[in-house]
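For reference, the structure is listed below as structure tokens.
Protein chains: 2
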Amino acid sequence: MVAKEGEFGSVAYKKPTLKTVAEKTGLAVTTVSRALLDSPQIALETRKRVAAAAKELGYVPDRAAQRLRTGKTRVISLILEPHNEIPDFGRSMIAGLSYALKGTGFHLTITPEFQGEPPIDPVRYILKNHLADGLIFSRTELFDERVKILQEAGFPFVTHGRTEFTSPHAFVDYDNDAFAYQAARQLIELGCVQLGIVLPPGKFTFCQYLKYGFMRAVRESGLPFDIPDDVSLDSPAEAIQASYRARFAGFPRPFGVVCAGETSALAISSTLIEEGLEPGRDFHLVAKRTSNLLNLYRPAFNSIYEDIFEAGELMGQSILKLVNGAPVTDHQILMQPTADKANRAA
Amino acid sequence: MVAKEGEFGSVAYKKPTLKTVAEKTGLAVTTVSRALLDSPQIALETRKRVAAAAKELGYVPDRAAQRLRTGKTRVISLILEPHNEIPDFGRSMIAGLSYALKGTGFHLTITPEFQGEPPIDPVRYILKNHLADGLIFSRTELFDERVKILQEAGFPFVTHGRTEFTSPHAFVDYDNDAFAYQAARQLIELGCVQLGIVLPPGKFTFCQYLKYGFMRAVRESGLPFDIPDDVSLDSPAEAIQASYRARFAGFPRPFGVVCAGETSALAISSTLIEEGLEPGRDFHLVAKRTSNLLNLYRPAFNSIYEDIFEAGELMGQSILKLVNGAPVTDHQILMQPTADKANRAA
DNA sequence: GGGTCGATTTATAACGTTATAAATTTGGGT
DNA sequence: ACCCAAATTTATAACGTTATAAATCGACCC
Chain A
738 MVAKEGEFGS
748 VAYKKPTLKT
758 VAEKTGLAVT
768 TVSRALLDSP
778 QIALETRKRV
788 AAAAKELGYV
798 PDRAAQRLRT
808 GKTRVISLIL
818 EPHNEIPDFG
828 RSMIAGLSYA
838 LKGTGFHLTI
848 TPEFQGEPPI
858 DPVRYILKNH
868 LADGLIFSRT
878 ELFDERVKIL
888 QEAGFPFVTH
898 GRTEFTSPHA
908 FVDYDNDAFA
918 YQAARQLIEL
928 GCVQLGIVLP
938 PGKFTFCQYL
948 KYGFMRAVRE
958 SGLPFDIPDD
968 VSLDSPAEAI
978 QASYRARFAG
988 FPRPFGVVCA
998 GETSALAISS
1008 TLIEEGLEPG
1018 RDFHLVAKRT
1028 SNLLNLYRPA
1038 FNSIYEDIFE
1048 AGELMGQSIL
1058 KLVNGAPVTD
1068 HQILMQPTAD
1078 KANRAA
Chain B
738 MVAKEGEFGS
748 VAYKKPTLKT
758 VAEKTGLAVT
768 TVSRALLDSP
778 QIALETRKRV
788 AAAAKELGYV
798 PDRAAQRLRT
808 GKTRVISLIL
818 EPHNEIPDFG
828 RSMIAGLSYA
838 LKGTGFHLTI
848 TPEFQGEPPI
858 DPVRYILKNH
868 LADGLIFSRT
878 ELFDERVKIL
888 QEAGFPFVTH
898 GRTEFTSPHA
908 FVDYDNDAFA
918 YQAARQLIEL
928 GCVQLGIVLP
938 PGKFTFCQYL
948 KYGFMRAVRE
958 SGLPFDIPDD
968 VSLDSPAEAI
978 QASYRARFAG
988 FPRPFGVVCA
998 GETSALAISS
1008 TLIEEGLEPG
1018 RDFHLVAKRT
1028 SNLLNLYRPA
1038 FNSIYEDIFE
1048 AGELMGQSIL
1058 KLVNGAPVTD
1068 HQILMQPTAD
1078 KANRAA
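As you go down the protein sequences, you meet chains A and B in turn.
With the working numbering applied, the first sequence corresponds to residues 738 to 1083, in that order.
With the working numbering applied, the second sequence corresponds to residues 738 to 1083, in that order.
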């Protein structure tokens, strides 16, 4: 009799394999393998008997062997970008992904993208070494090289963000056009006589959508607008603060600013207050909220929520279907901004 | 001649293996394997020749095959806890770990711990399925079951946080005793006549250290103190706010509160201000700062910095040495609080 | 009783790598 | 020319799994 089940690391313990189960049941290894895969070729009675024996022995399949034999890694990899403009973005996305992958046998690996190195490197690395069955990444550019390479390779992937390529790919995106439009509308309703927005770098697709939505509201209102050209959402908070400190004096009041990130919202708000402006009288902000931190800030922000956890969960669900051969056109999800209950209180 | 090197996903392309390299060089597979491992048994000239051929063919070793044959996964797994009291904790730790693992051939996987499920589950899962060579996790308890099981199994791991077990294990911890003491001293110097602190749940080791450090300063000063017993650092921000709203009226002024997390600091600060207290006159806060967000908050916080990225990097460096057999006693690191330059400005 | 069919089980080989042990080559020394 | 040891290379097997093809077993039919 082998060691007690569930015993790890003890000296005499040998990990049970298909062979162990085969010996215990008196069947061939092949039969056991197929029985555990629940193949209809194996008699139902046998399948049950094998399952029981495997459970009793504490058998678990060896992932390395399965991977070698089948060529399937049963791994989804998330490329983690080095930016951290959005607090907890990575954390929430990972949590959402994990939740979607839970119980599927798929594992999540992190492939880091390092500051100053080409974003294409992690993708190439995964492809070349076949380290995953599917890939997830964010912050797509209009003609994102990662998308191009993966499409050429026929490798399953889901992006957080759209691209401008004609051939479709799976994505989960936030409707930043709708966000910027709604945010600008809120500012207008609050009485702002000038509209502003801090945009991400222009190479990112979501920059374009933010601009479209913002400008639509601007044109409808006929109000003047301000878009800083010296800083972006990715600029250090200090740079954003400096930009506004240098320019706010010339703004008609009250003016409004759409902030597509919490860091920039905090930065601008604190600076303007320090310069003696009064929020609600001299200016208004509407921020995109992705964490709970902004809720705690006083004076309270106007905000619109983007659910990163849910985005991660949706991306996880999609990539699982894609690796099973589902068509990409069934997995193009545009998440709508949700009115933020927390913002008006207090 | 095989397909061009670096070509992925093309129909005729067959991934180069040791066999491919062997054929190209006219050597045996075994020789090629050893040559690429840079074994001194193989003539230097041959090693060079093989390396060149491998590079030209674009050969990369198959991790699944290596893992199956050697039993080494070359994977480090991080257990990601579901709490999110500290903004960007996971993100920074992952970034630090990735940085330490960069170029080592070790990959990082995420093993999630789900809300409402035992913290021991992910550890058992990894052990049973042999999914990693080393493990990283946070928020240790005084007698942490995960530590116990891993020690019994002889499995390499590094914790973020200490335990009370007599048998030593590797850890990277922040000196929360020193933090709480220094924070309380700051409050005293600012003229506070009552000291307070919001502690994490008592089962966590770092709760004890925070309490020790805090109480040492309290006793030295002879001041009265206040520790809420209805909420902890893990309580929802609203609960912390409610607790202070219900009690602040009875506090002598100015009173001080040590906040071991940014969320609680924001929560308490905003609530007290809303209740009409003036920061700097009626109360002072000293917060542990782990992100850059607090820097943007006005009125400025007094804060002491904890570098989570560095903690992750140190843990990564340690776990790499541990899987190579280094003794755990060489990897017990206590990080000291660093004076926060950002706090006094503005 | 022999043949056939379907259901079920089995033997063999292969995925790509490395550990073990054996084989071959090389260079001296005599 | 021969032998021995060191240097270098090679054959074989194994890690644990699954795909392919072949084998066994009843049961049924004529």
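C-beta: ideal position from N, C-alpha, C; glycine also.
Three or more C-beta pairs under 8 Å: does that hold for the region 948–959 of chain A against the region 906–917 of chain A?
yes
Can you find a CB in chain B that lies within less than 9 Å of the CB of A:Asp825?
yes
Can the beta-carbon of A:Pro961 be found closer than 9 Å to that of A:Leu932?
yes
Any idea which residues DSSP pairs A:Cys996 with across the strands?
Residue pairing of A:Cys996 in beta bridges, as defined by DSSP: A:Val935, A:Ala1024.
Could you tell me whether the Cβ of B:His897 comes closer than 9 Å to any Cβ of chain A?
no
Can you list, in chain order, the residues of its chain whose CB lies under 6 Å from that of A:Arg956, leaving out five sequence neighbours each side?
none
CA-CA distance, A:Leu838 and A:His867?
19 Å
Since A:Val766 and A:Ala772 should fall inside the 8 Å C-beta cutoff, what is the C-beta to C-beta distance between them, to a whole number of angstroms?
Between A:Ala772 and A:Val766 the Cβ distance is about 11 Å, and since that is not below 8 Å, they are no contact.
Between B:Asn1039 and chain A, is there a C-beta pair that is closer than 9 Å?
no
Whole-angstrom Cβ separation of B:Thr810 and B:Asp870, contact assumed at under 8 Å?
5 Å
Ordered along the chain, which non-local residues of its own chain (more than five positions away) have a Cβ less than 7 Å from that of B:Phe880?
Thr900, Glu901, Phe902
Which ranges does the beta strand (DSSP E) cover as unbroken runs of at least 3 residues, wholly within the region 913–968 of chain B, from first to last along the chain?
The region 913–968 of chain B contains these whole beta strand (DSSP E) runs: 931–935.
Using alpha carbons as the reference points, say which of A:Gly763, A:Lys1025, A:Asp799 lies closest to A:Pro753.
Nearest C-alpha to A:Pro753: A:Asp799.
A:Val935 CB to nearest chain B CB: under 9 Å?
False, the Cβ-Cβ gap to chain B never drops below 9 Å.
Between A:Asp1019 and chain B, is any beta-carbon pair separated by less than 9 Å?
no
State yes or no: is the beta carbon of A:Val797 nearer than 9 Å to at least one beta carbon in chain B?
yes
Rounded to whole angstroms, what's the CA-CA distance from B:Asn1032 to A:Ser814? Just pull it up for me.
Spanning the two alpha carbons is a distance of roughly 33 Å.
Taking the alpha carbon of B:Leu817 as the point to measure from, which residue in B:Val787, B:Ser904, B:Asp775, B:Glu854 has its own alpha carbon closest?
B:Glu854
Starting from A:Thr1000, find everything on chain B with Cβ-Cβ shorter than 8 Å and list it in chain order.
Asn1029, Leu1030, Leu1033
Output needed for A:Asp967: all residues of its chain with C-beta closer than 6 Å, excluding positions within five of it in sequence on either side, in chain order.
Ser980
When the Cα of A:Gln919 is compared with those of A:Thr841, A:Gln1069, A:Ser1040, which residue comes out closest?
A:Ser1040
Does the distance from the C-beta atom of A:Val895 to that of A:Ile1045 stay below 9 Å?
no
Rounded to a whole number of angstroms, what is the C-alpha to C-alpha distance between B:Ala1002 and B:Cys996?
5 Å
Bridge partners of A:Gly871, per DSSP?
A:Ile813
What separation, rounded to the nearest whole angstrom, lies between the Cα atoms of A:Pro1064 and A:Leu1071?
17 Å
Since I believe B:Asp775 is in contact with B:Arg786 (beta carbons under 8 Å), could you give me their beta-carbon distance rounded to a whole number of angstroms?
Contact doesn't hold; Cβ gap of about 13 Å is too wide.
A:Thr846 versus chain B: which residues are under 7 Å apart at the beta carbon?
His844, Leu845, Thr846
If contacts are defined as beta-carbon pairs under 8 Å, then B:Phe941 and B:Glu878 qualify, I think. What distance do you get, rounded to the angstrom?
6 Å
Going by CA-CA distance only, name the one from A:Leu781, A:Ile1005, A:Ala790, A:Ile779 that's closest to A:Lys756.
A:Ala790
Quick one: grab the DSSP three-state call for B:Leu1033.
helix
Just curious, the alpha helix (DSSP H) that B:Leu1059 is in, first and last residue?
1045–1060
Note down the Cα distance separating B:Asn1038 from B:Met830, rounded to an integer number of angstroms.
The sequence shown places Phe at residue 1038 of chain B, not Asn. Approximately 24 Å, taken between the alpha carbons.
Taking all protein chains shown into account, do 16 or more other C-beta atoms lie within 10 angstroms of the C-beta of A:Arg804, making it buried, or fewer, making it exposed?
Label assigned to A:Arg804: buried.
Quick check on B:Pro1016: does DSSP put it in helix, strand or coil?
strand
Considering Cα atoms alone, identify which of A:Arg922, A:Ile964, A:Ile925, A:Ala954 is closest to A:Gly939.
A:Ile964
How long is the line joining the alpha carbons of A:Lys751 and B:Gly898, rounded to whole angstroms?
33 Å
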